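Read the structure below first, then the notes.
Protein chains: 2
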Amino acid sequence: MSENAADCVIVGAGLAGLSAARALEAAGREVVVLEARDRVGGRTVNEPIGGGEVVELGGQWVGPGQDSILGLIEELGLETFPTFGEGRSLFERRGKVRRYRGTIPRLNPFALAEIGRGLSKINRMASRVNPDAPWGQHELADWDRTSFDSWIRRNFRTGAGRDAMRMATEAVWAAEPGDVSLLHVLFYVRSAGSIDLLLDTEGGSQEARVTGGTQLISVRMAEQMARPVRFRTAARAISHREGEVVVEAEDLDSGRPVEFSAADAVVAIPPVLAGRLTYSPALPAQRDGLTQRMIQGSVVKTMTIYDRPFWREQGLNGRAVSAEGPVSVVFDNSPPGGSPGVLLAFLEGDAARRAADLPREQRREIVVGCLSRLFGDAAAAPVDYVDKAWAADEWARGCYGGFMPTGAWMPYGAALRAPIGPIHWAGAETSSRWAGYMEGAVRSGRRAAEEILGAAGT
Amino acid sequence: MSENAADCVIVGAGLAGLSAARALEAAGREVVVLEARDRVGGRTVNEPIGGGEVVELGGQWVGPGQDSILGLIEELGLETFPTFGEGRSLFERRGKVRRYRGTIPRLNPFALAEIGRGLSKINRMASRVNPDAPWGQHELADWDRTSFDSWIRRNFRTGAGRDAMRMATEAVWAAEPGDVSLLHVLFYVRSAGSIDLLLDTEGGSQEARVTGGTQLISVRMAEQMARPVRFRTAARAISHREGEVVVEAEDLDSGRPVEFSAADAVVAIPPVLAGRLTYSPALPAQRDGLTQRMIQGSVVKTMTIYDRPFWREQGLNGRAVSAEGPVSVVFDNSPPGGSPGVLLAFLEGDAARRAADLPREQRREIVVGCLSRLFGDAAAAPVDYVDKAWAADEWARGCYGGFMPTGAWMPYGAALRAPIGPIHWAGAETSSRWAGYMEGAVRSGRRAAEEILGAAGT
Numbered sequence: 269m270s271e272n273a274a275d276c277v278i279v280g281a282g283l284a285g286l287s288a289a290r291a292l293e294a295a296g297r298e299v300v301v302l303e304a305r306d307r308v309g310g311r312t313v314n315e316p317i318g319g320g321e322v323v324e325l326g327g328q329w330v331g332p333g334q335d336s337i338l339g340l341i342e343e344l345g346l347e348t349f350p351t352f353g354e355g356r357s358l359f360e361r362r363g364k365v366r367r368y369r370g371t372i373p374r375l376n377p378f379a380l381a382e383i384g385r386g387l388s389k390i391n392r393m394a395s396r397v398n399p400d401a402p403w404g405q406h407e408l409a410d411w412d413r414t415s416f417d418s419w420i421r422r423n424f425r426t427g428a429g430r431d432a433m434r435m436a437t438e439a440v441w442a443a444e445p446g447d448v449s450l451l452h453v454l455f456y457v458r459s460a461g462s463i464d465l466l467l468d469t470e471g472g473s474q475e476a477r478v479t480g481g482t483q484l485i486s487v488r489m490a491e492q493m494a495r496p497v498r499f500r501t502a503a504r505a506i507s508h509r510e511g512e513v514v515v516e517a518e519d520l521d522s523g524r525p526v527e528f529s530a531a532d533a534v535v536a537i538p539p540v541l542a543g544r545l546t547y548s549p550a551l552p553a554q555r556d557g558l559t560q561r562m563i564q565g566s567v568v569k570t571m572t573i574y575d576r577p578f579w580r581e582q583g584l585n586g587r588a589v590s591a592e593g594p595v596s597v598v599f600d601n602s603p604p605g606g607s608p609g610v611l612l613a614f615l616e617g618d619a620a621r622r623a624a625d626l627p628r629e630q631r632r633e634i635v636v637g638c639l640s641r642l643f644g645d646a647a648a649a650p651v652d653y654v655d656k657a658w659a660a661d662e663w664a665r666g667c668y669g670g671f672m673p674t675g676a677w678m679p680y681g682a683a684l685r686a687p688i689g690p691i692h693w694a695g696a697e698t699s700s701r702w703a704g705y706m707e708g709a710v711r712s713g714r715r716a717a718e719e720i721l722g723a724a725g726t
Numbered sequence: 269m270s271e272n273a274a275d276c277v278i279v280g281a282g283l284a285g286l287s288a289a290r291a292l293e294a295a296g297r298e299v300v301v302l303e304a305r306d307r308v309g310g311r312t313v314n315e316p317i318g319g320g321e322v323v324e325l326g327g328q329w330v331g332p333g334q335d336s337i338l339g340l341i342e343e344l345g346l347e348t349f350p351t352f353g354e355g356r357s358l359f360e361r362r363g364k365v366r367r368y369r370g371t372i373p374r375l376n377p378f379a380l381a382e383i384g385r386g387l388s389k390i391n392r393m394a395s396r397v398n399p400d401a402p403w404g405q406h407e408l409a410d411w412d413r414t415s416f417d418s419w420i421r422r423n424f425r426t427g428a429g430r431d432a433m434r435m436a437t438e439a440v441w442a443a444e445p446g447d448v449s450l451l452h453v454l455f456y457v458r459s460a461g462s463i464d465l466l467l468d469t470e471g472g473s474q475e476a477r478v479t480g481g482t483q484l485i486s487v488r489m490a491e492q493m494a495r496p497v498r499f500r501t502a503a504r505a506i507s508h509r510e511g512e513v514v515v516e517a518e519d520l521d522s523g524r525p526v527e528f529s530a531a532d533a534v535v536a537i538p539p540v541l542a543g544r545l546t547y548s549p550a551l552p553a554q555r556d557g558l559t560q561r562m563i564q565g566s567v568v569k570t571m572t573i574y575d576r577p578f579w580r581e582q583g584l585n586g587r588a589v590s591a592e593g594p595v596s597v598v599f600d601n602s603p604p605g606g607s608p609g610v611l612l613a614f615l616e617g618d619a620a621r622r623a624a625d626l627p628r629e630q631r632r633e634i635v636v637g638c639l640s641r642l643f644g645d646a647a648a649a650p651v652d653y654v655d656k657a658w659a660a661d662e663w664a665r666g667c668y669g670g671f672m673p674t675g676a677w678m679p680y681g682a683a684l685r686a687p688i689g690p691i692h693w694a695g696a697e698t699s700s701r702w703a704g705y706m707e708g709a710v711r712s713g714r715r716a717a718e719e720i721l722g723a724a725g726t
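So the protein sequences, as listed, match chains C and B. With my numbering, you'll find the first sequence wraps up at 726, consecutive numbering, no jumps. With my numbering, you'll find the second sequence wraps up at 726, consecutive numbering, no jumps.
This is how it looks when you write it as structure tokens:
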């Protein structure tokens, strides 16, 4: 075949697209992968910080139950190491910084009881959601029409309890409780297993990291592919009919159009970006409506780098949550050897929106100011600072991923991964297990490949 | 100037784009208007039904307070005539069809009192919204986080009251109460003046129609332009820097790219479609986030045509509202002379979503079935049927217009019409008065023109 023809053309060289490519190649198919960026990894990306070390500006954690990504990591000869956790965490609220152990800070007993009851209720409600097809569960329609914020205000009376739920929403969805539907929260919790898994570090989805950085997963997959990924090649239009698809892309270096033809396509980019391609014939109203509604989260992921992890010497594990903001959550993100010291600080939801279009230098001031409040004067003198405002990245337009506002899952959810002719949809959002996580991305790519291979077999 | 260069390039030949063009030409500017369709009018469109008569498959009504569009109609030598209203209206709920007079059907007194109180409360709350900048009113943040559905369930106890509010939401926003934020409802009401104006026919925004159809407004404006509109020319990409803009479009007949350059651009298409153009440099995160959040409404506008308006002979005005659906609202939409008889039936919100991707023949069956239930056997034998599923139209992707889900107005509203370098934003959604109406579209185009002319003057 010519270099622009293949059995399958894949749009996006993130974990989903490359997982699809890997599965298709394993089955003997010829695959061409198009990537607008000059790198693989999509929403996982390593940033070198000198001395051979990297920090990850995108998805980074893996945890129990995420068998596909953990298996893939092993298969690729990569290793994981535990997220640093020795010592106490910090909690800031109403101008005071306190130390605590475990997942939930010491609060007044009323708030603690309320949070405990609330999280249990979320797990109970989530257990009623069928993550494979929530759109078919008409008995859950009220949850689809209610924002998570409205649910929190009805179920939480204490300020500390409401703050805790807001911070949890920011940490898990990079959104505010008012942005996301109650049904989306419950779908997402169900698709992972429980809210505890999403919030916990030890025993949860923040448990472990990948030595050398998670982008290596994509780098290794790409290295093993028969054909090199086509970088700086931005898909713009897809013409399709049964059994044939042509992807028109722009070579971003020359500005020239370049066409790729195949029997099938896998579109492995976030739904909102998939909605911005031009389709011919135009997509059905339901699929288009889905892409109008699935919104990308808002996060600026920042790494402040110190010559050493000074907080460890003070009995701190580097974790902090702040109800004051703008930094809401902090982790010790030092490399496995513990040098240099790295504090990962998230700006999420509204804080990320306010910061996304600022110059990086201003974001650095904001973040270092917060870290100093939390960790003391030693935090005021970093040796370096890097960050990524994902909403300003035109090939992501937000992270961690897409979420549903009210009124979206019920009428439009069925279009999330239903193929349209030869076009298949992948990406972390489209997975019914661990939706939004690297695990979901890998699963979604393999599922798209199975659709193609299965259909050919019949 | 060459035909592809101008002072201003305008994307979209609907009421907003043409109003901008008209204002700019009046001030001596050279303007080129690009239109993807083969016609002007955007979301207003005439459909000939024989005998020199037309029906309108898009926006059609004008009413008191809509001074810009009414003035423009007069200026263009067009005329209006009153929406037919002689006789009684029909109301269907729980399998029964009843006759009534006025705006609100006869219901039980509890429901009537509740609806009265609810509408007053909406007007009171709306009066607190500043339609020019609701995003600056942080005291209204709770309204932004709450879906209209949650508000209705808190404020309405009777089934009839809740049904009435659902039908009103469908009629005004082509959305379900669960889709739209409370703040958006209040902004929209405030931008028109009162909820009564939005719901009423006589004395309200459904008061009058335009002889020959509203598309004539755009047709006349286009006829008077110095340069002809460039049809079948779909904008795809906009490169910009201060004082210069290049719009790259696709000639849809040849498939070839064609470039237009100007000092300024006016993008006069719905926000979600504006978000699907490729911008270079990429747009700021806030503007992009807005386009991720402003969702197009869901409506199938249908016209069922009879040899004569038989309902008039039965003392009916052709209006009906049904809580049963799928048709929710019906109007007598016969031409001014009363022949043929035309019933306008709306499928809106979820009903429109279910119907948008069906074959027209199936929609006809659905609609004629509903009309027969409401108007009796005579309605079962139409002579013709036409409709338009706006969500399936790739140059609209929904109607009547864009609405905001929860969590959108506060963080993103400021990007709705703030120019970005030489790019100005128009369209009915961007108006602070009569947002979403033809009136708002005309105002938005003139406002965009003023931005350009005003800036040049300073």
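Glycine residues also receive a C-beta, built at the ideal position from the N, C-alpha and C atoms. The structure displayed is predicted, hence computed values, not measured ones.
Helix, strand or coil, according to DSSP, for C/Pro402 in the structure here?
One-based indexing of the first sequence puts residue 402 of chain C at position 134. Correct three-state label for C/Pro402: helix.
Under the three-state reduction of DSSP, which class applies to C/Pro350: helix, strand or coil?
On the first sequence, residue 350 of chain C is found 82 positions in, with the first residue counted as 1. It is a strand residue.
Quick check on the burial criterion: 16 or more other C-beta atoms within 10 angstroms. Buried or exposed for B/Glu347?
Within the second sequence, the letter at position 79 stands for residue 347 of chain B. B/Glu347 is exposed by the Cβ-count criterion.
Considering only their Cβ atoms, is the gap separating C/Val323 from C/Ile317 smaller than 8 angstroms?
To locate residue 317 of chain C, count along the first sequence from 1; it is residue 49. To locate residue 323 of chain C, count along the first sequence from 1; it is residue 55. Yes.
What residue range is occupied by the uninterrupted alpha helix (DSSP H) comprising C/Leu611?
Looking up residue 611 of chain C in the first sequence gives position 343. Segment 609-616 is the beta strand (DSSP E) holding C/Leu611; no alpha helix (DSSP H) there.
With respect to the beta strand (DSSP E) encompassing B/Glu491, which residues constitute its N-terminal and C-terminal limits?
Start at 1 with the first residue of the second sequence, and residue 491 of chain B comes out as number 223. First-last for B/Glu491: 483-491, but that is the alpha helix (DSSP H), not the beta strand (DSSP E).
C/Ala409 lies in the alpha helix (DSSP H); which residues open and close that run?
Locating residue 409 of chain C in the first sequence gives position 141, counting from the first residue. C/Ala409 -> alpha helix (DSSP H) spans 409-412.
What span of residues does the alpha helix (DSSP H) with C/Met433 cover, start to end?
For the purposes of this step, residue 433 of chain C is identified with residue 165 of the first sequence, where counting begins at 1. From DSSP, the alpha helix (DSSP H) with C/Met433 extends over 427-441.
What's the C-alpha gap between B/Ala443 and B/Arg396?
What you label residue 443 of chain B is simply residue 175 of the second sequence in a count that begins at 1. What you label residue 396 of chain B is simply residue 128 of the second sequence in a count that begins at 1. Computed Cα separation, rounded: 23 angstroms.
Report yes or no: is there a C-beta of chain C within less than 8 angstroms of the C-beta of B/Thr570?
Translated into the one-based positions of the second sequence, residue 570 of chain B becomes position 302. No, no contact with chain C.
Distance, Cα to Cα, C/Pro350 vs B/Ala716?
Working through the first sequence from its first residue, we reach residue 350 of chain C at position 82. Working through the second sequence from its first residue, we reach residue 716 of chain B at position 448. Roughly 56 angstroms separates the two Cα atoms.
Quick one: what does DSSP say B/Tyr368 is sitting in, helix, strand or coil?
Start at 1 with the first residue of the second sequence, and residue 368 of chain B comes out as number 100. Reduced to three states, the DSSP call for B/Tyr368 is strand.
Identify whether C/Met571 lies in helix, strand or coil by the three-state DSSP scheme.
Against the first sequence, residue 571 of chain C aligns to sequence position 303. C/Met571: strand per DSSP, three-state reduction.
Rounding to the nearest angstrom, what Cα-Cα distance links B/Gly585 and B/Lys389 in this structure?
Locating residue 585 of chain B in the second sequence gives position 317, where the first residue counts as 1. Locating residue 389 of chain B in the second sequence gives position 121, where the first residue counts as 1. Reading off the sequence, residue 585 of chain B comes out as Asn, not Gly. Answer to the nearest angstrom: the Cα atoms are 30 angstroms apart.
Does the region 709-723 of chain B come close enough to the region 466-481 of chain B that 3 or more CB-CB pairs lie under 8 angstroms?
Judged by Cβ distances under 8 angstroms, the region 466-481 of chain B makes no contact with the region 709-723 of chain B, as fewer than three pairs qualify.
Using a Cβ distance threshold of 8 angstroms, determine whether the region 420-439 of chain C contacts the region 374-394 of chain C, with at least three qualifying pairs required.
Yes: at least three Cβ pairs fall under 8 angstroms.
So, for B/Leu325: in the same chain, excluding its five sequence neighbours on each side, which residues have a beta-carbon less than 6 angstroms away from its beta-carbon?
In the second sequence, the residue the question calls residue 325 of chain B occupies position 57. So the list reads Val313, Glu315, Lys569, Lys656, once near-sequence residues are dropped.
In whole angstroms, give me the CA-to-CA distance for B/Ala588 and B/Asp645.
Counting from 1 along the second sequence, the entry for residue 588 of chain B is found at position 320. Counting from 1 along the second sequence, the entry for residue 645 of chain B is found at position 377. Spanning the two alpha carbons is a distance of roughly 16 angstroms.
Between B/Val308 and chain C, is there a C-beta pair that is closer than 8 angstroms?
Sequence index remark: in the second sequence, residue 308 of chain B carries index 40 (1-based). B/Val308 does not count as touching chain C.
For B/Ala394 and B/Arg458, which I take to be in contact (beta-carbon distance under 8 angstroms), what is that distance rounded to the nearest angstrom?
Looking up residue 394 of chain B in the second sequence gives position 126. Looking up residue 458 of chain B in the second sequence gives position 190. Indeed, because the Cβ distance is near 4 angstroms, the residues count as touching under 8 angstroms.
By Cβ distance, which residues of its chain are closer than 8 angstroms to B/Val610, with the 5 residues on each side in sequence left out?
If you number the second sequence from 1, residue 610 of chain B lands on position 342. For B/Val610, where only same-chain residues beyond five positions count, the Cβ hits under 8 angstroms are Ile317, Val323, Met571, Thr572, Ile573, Tyr574, Pro577, Asp600, Asn601, Ser602, Pro603.
Span of the beta strand (DSSP E) holding B/Glu303?
As a working note, residue 303 of chain B is residue 35 in the second sequence. Looking at the DSSP string, B/Glu303 is not in any beta strand (DSSP E), and its letter there is neither H nor E.
Along chain B, which residues have their Cβ under 7 angstroms away from the Cβ of C/Asp625?
Counting from 1 along the first sequence, the entry for residue 625 of chain C is found at position 357. In chain order: Pro552, Ala553, Gln554.
Taking Cβ-Cβ distances below 9 angstroms as the criterion, which residues of the region 627-659 of chain B are in contact with chain E?
The displayed structure is made up of protein chains C and B, and chain E is not among them.
Can you name the start and end residues of the alpha helix (DSSP H) that C/Thr559 belongs to?
Sequence index remark: in the first sequence, residue 559 of chain C carries index 291 (1-based). Looking at the DSSP string, the run of the alpha helix (DSSP H) that includes C/Thr559 is 553-561.
Relative to the C-alpha of C/Asp275, which residue among C/Leu283, C/Ala291, C/Val299 is closest?
Residue numbering aside, residue 275 of chain C sits at position 7 when the first sequence is read from its first letter. Among C/Leu283, C/Ala291, C/Val299, the Cα nearest to that of C/Asp275 is on C/Val299.
By DSSP, does B/Arg509 sit in helix, in strand, or in coil?
The residue given as residue 509 of chain B occupies position 241 in the second sequence. Of the three classes helix, strand and coil, the one that applies to B/Arg509 here is strand, per DSSP.
For C/Ser699, which option in C/Pro538, C/Ser357, C/Ser529, C/Gly481 has the closest C-alpha, if you only look at C-alpha atoms?
Mapped onto the first sequence, residue 699 of chain C falls at position 431. The candidate whose alpha carbon is nearest that of C/Ser699 is C/Pro538.
Among C/Thr482, C/Arg665, C/Gly637, C/Val453, which residue has its Cα nearest to the Cα of B/Pro727?
Here chain B covers residues 269 to 726 and nothing more, so residue 727 of chain B does not appear.
B/Arg413 and B/Thr674: beta carbons closer than 8 angstroms?
Residue numbering aside, residue 413 of chain B sits at position 145 when the second sequence is read from its first letter. Residue numbering aside, residue 674 of chain B sits at position 406 when the second sequence is read from its first letter. Result yes, Cβ atoms of B/Arg413 and B/Thr674 sit closer than 8 angstroms.
Does B/Trp677 pass the burial test, meaning 16 or more other C-beta atoms within 10 Å, or should it be called exposed?
Residue mapping note: residue 677 of chain B aligns to position 409 of the second sequence, counting from 1. Its Cβ being crowded by 16 or more others within 10 Å, B/Trp677 is buried.
Quick check on C/Arg633: buried or exposed, where buried means 16 or more other Cβ atoms within 10 Å of its Cβ?
Position 365 of the first sequence holds residue 633 of chain C. Reading off the sequence, residue 633 of chain C comes out as Glu, not Arg. Exposed.
Kindly list the residues whose CB is nearer than 8 angstroms to the CB of B/Gly725, restricted to its own chain and excluding five residues on each side of it in sequence; keep chain order.
For this step, residue 725 of chain B is matched to residue 457 along the second sequence. Reliability of the predicted coordinates at B/Gly725 is poor, the pLDDT of 47 falling under 50, and the value obtained from them is presented with this limitation in mind. So no residue of the chain qualifies.
So is B/Gly282 buried or exposed if we call it buried at 16+ other beta carbons inside 10 Å?
Locating residue 282 of chain B in the second sequence gives position 14, counting from the first residue. B/Gly282 comes out buried.
In chain order, what residues of the same chain have a beta carbon less than 6 angstroms from the beta carbon of C/Arg290, not counting five sequence neighbours either side?
Sequence index remark: in the first sequence, residue 290 of chain C carries index 22 (1-based). Here the set comprises Met489.
Using DSSP bridges, identify the partner residues of B/Cys276.
Locating residue 276 of chain B in the second sequence gives position 8, counting from the first residue. Answer is B/Val299, B/Asp532.
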